[in-house]
Amino acid sequence: MKRIFIVGSLNYDLVINAPYMPVGGETLKGSDFMTNCGGKGANQAYACGKLGGDAYMCGCVGDDDFGLRLIDSLNSAGVNTDFVTKIEKTSTGVAVIVVTEGENRIIIDSGANGFLEKSHIDKMLEIAMEGDIYLTQLENPTDIIGYGLKKAKERGLLTILNPAPASKDIKEYLSFVDIITPNETELEILGGKDFLFNEGIKTVITTLGASGYEIATRDSFKIYPCIKVKVVDTTAAGDTASGGLCVGLSQGKDIESAMAFGSKAASIACTRRGAQQSVPSKDEVLVFPCEGRGTACGG
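Per the working numbering, the sequence shown runs over residues 12 to 310.
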């Protein structure tokens with residue numbers, strides 16, 4: 012089994028429901044307060060570990076209780092956190108999320124995430140070997156993320172970019188990406204499939220929400236349905252899919268089977284509230300009913 016190296020953000024989420032957004036000076040009674048260990052990097056690393064992968068996380072937290080909780084959560088999923096750096100006199104990244112009528116309104120303080128350095132990535136990649144998997148996103152400074160993709164590619168790793176939140180600034184680094192996993196909006200911001208193929212990307216996996224996902228190469232494309240479930244919360248569903256994809260690839264699955272595994276895990280995550288706590292285990296994915304699709308849905 013290949014190892015999976017994840018570079019990205021670690022955030023602590025504070026979530027509360029409200030009937031509406033309060034105006035200036037107004038105090039409003041909310042409900043259903045909860046906290047999540049989050050951040051796209053941490054979520055994807057957690058998913059990799061929980062789904063059976065040999066995962067290593069590189070990122071930054073502050074010297075506060077939120078940072079300790081994030082590290083503990085990753086460790087509980089079996090993720091190696093030796094390359095998570097604690098930044099002194101800095102707060103851990105935080106997302107304050109107010110949910111009104113089913114819509115999220117989010118305020119983010121990137122905190123320690125802004126202190127990710129090239130040297131942090133270099134240190135982790137020292138133990139990587141050709142054929143291992145490198146997964147990253149765009150919640151950290153773009154130049155650092157781009158540097159990591161370049162270095163991972165040079166070392167012979169399979170590079171996967173989940174381009175969220177989408178930024179055109181990443182375009183100059185796309186030649187170092189093997190597989191990219193945008194949603195439809197992110198794909199449009201990045202210029203479309205033809206542009207991505209022309210930049211050297213081999214495979215574009217576009218997530219289509221409830222409609223499933225599309226796997227496309229320069230020569231072919233196919234849309235795959237996802238398992239239909241009763242959706243409770245879509246938080247971290249995309250991150251779960253990315254983690255499952257990497258785990259499948261690390262175990263030698265072809266890209267169709269690996270993504271089917273990731274999609275199935277994401278569907279299960281949608282039936283649960285929260286971020287990392289919604290990610291299923293490998294065993295849960297294997298026994299979850301596939302509606303007669305067999306291996307086509309990651310069974």
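Each residue gets a CB set at the ideal place from its N, CA and C atoms; glycine is no exception.
Is the beta carbon of residue i sitting closer than 9 Å to the one on residue j?
i    : j    : result
G254 : L21  : no
V5   : L201 : It is not possible to answer for residue 5, since the shown part of the chain is limited to 12 through 310.
L169 : L136 : no
C59  : Q287 : no
K239 : S278 : yes
G35  : S261 : no
S178 : L149 : yes
G223 : I234 : yes
F77  : Y31  : no
Mind reading off the beta-carbon distance from residue i to residue j? Whole number of angstroms is fine, and I expect it under 8 Å.
i    : j    : result
R10  : D143 : For the chain, the structure presents residues 12 to 310; residue 10 sits outside this window and is missing.
S125 : T103 : Correcting the residue identity first, residue 125 is Gly in this sequence and not Ser. Not confirmed; about 11 Å, so no contact.
I108 : L25  : 7 Å
I138 : C257 : No, I138 and C257 are not in contact; Cβ-Cβ is about 17 Å, not under 8 Å.
A252 : G220 : Between G220 and A252 the Cβ distance is about 11 Å, and since that is not below 8 Å, they are no contact.
A276 : P291 : 6 Å
Y57  : F94  : Contact doesn't hold; Cβ gap of about 15 Å is too wide.
T228 : S289 : That belief does not hold up - the Cβ atoms of T228 and S289 are roughly 31 Å apart, past 8 Å.
I119 : A106 : 5 Å
Alpha carbons only, please: which of the options is nearest the one belonging to residue i?
i    : options                   : result
I117 : Q288, A29 and R284        : A29
D43  : V110, T147 and G73        : V110
F232 : M135, P152, D205 and G60  : D205
P152 : E141, V34, P174 and L168  : P174
E225 : V242, L201 and N194       : N194
G70  : A139, K239, L219 and L81  : L81
G113 : I27, F16, K293 and I238   : I27
K100 : D75, F94 and A106         : D75
F208 : G223, D120, T196 and I190 : I190
A248 : T196, S261 and G285       : G285
T282 : E183, G203, A227 and D244 : D244
E141 : C301, K164 and N115       : K164
G73  : K241, L127, N115 and F299 : L127
K241 : E183, S84, M12 and A280   : A280
Y184 : I156, T192 and D250       : I156
G259 : C237, D230, P236 and K293 : K293
F16  : N115, P300 and R166       : R166
P236 : C301, V296, K182 and N115 : C301
V188 : T96, E210, P176 and T196  : E210
Taking Cβ positions only, does residue i come closer than 9 Å to chain D?
i    : result
V107 : Among the chains of the structure shown, chain D does not appear; only one protein chain is present.
Self-check item: Cβ contact (3+ pairs, closer than 8 Å) linking the segment 149-164 and the segment 85-97
Solution: no
Quiz item: If you pair each beta-carbon of the segment 264-277 with each one of the segment 34-54, do three or more pairs fall below 8 Å?
Solution: Under the three-pair Cβ rule at 8 Å, the segment 264-277 does not count as touching the segment 34-54.
Practice problem: For the segment 104-147, list the alpha helix (DSSP H) runs that are entirely contained and at least 4 residues long, ordered along the chain. | Solution: 129-136
Quiz prompt | Residue ranges of each alpha helix (DSSP H) within the segment 134-210, 4 or longer | solution = 153-165, 195-200 and 203-209
Quiz prompt | Sequence ranges, beta strand (DSSP E) only - wholly within the segment 15-84, length at least 3 | solution = Unbroken beta strand (DSSP E) stretches of 3 residues or longer found wholly inside the segment 15-84: 22-28, 42-49 and 65-73, given in chain order.
Self-check item: Touch test, the segment 211-222 against the segment 125-140, Cβ-Cβ under 8 Å, three pairs minimum
Solution: no
Self-check item: Start-end ranges of the alpha helix (DSSP H) lying completely within the segment 235-297, minimum 4 residues
Solution: As far as the segment 235-297 is concerned, its whole alpha helix (DSSP H) runs of at least 4 residues are 248-261 and 266-280.
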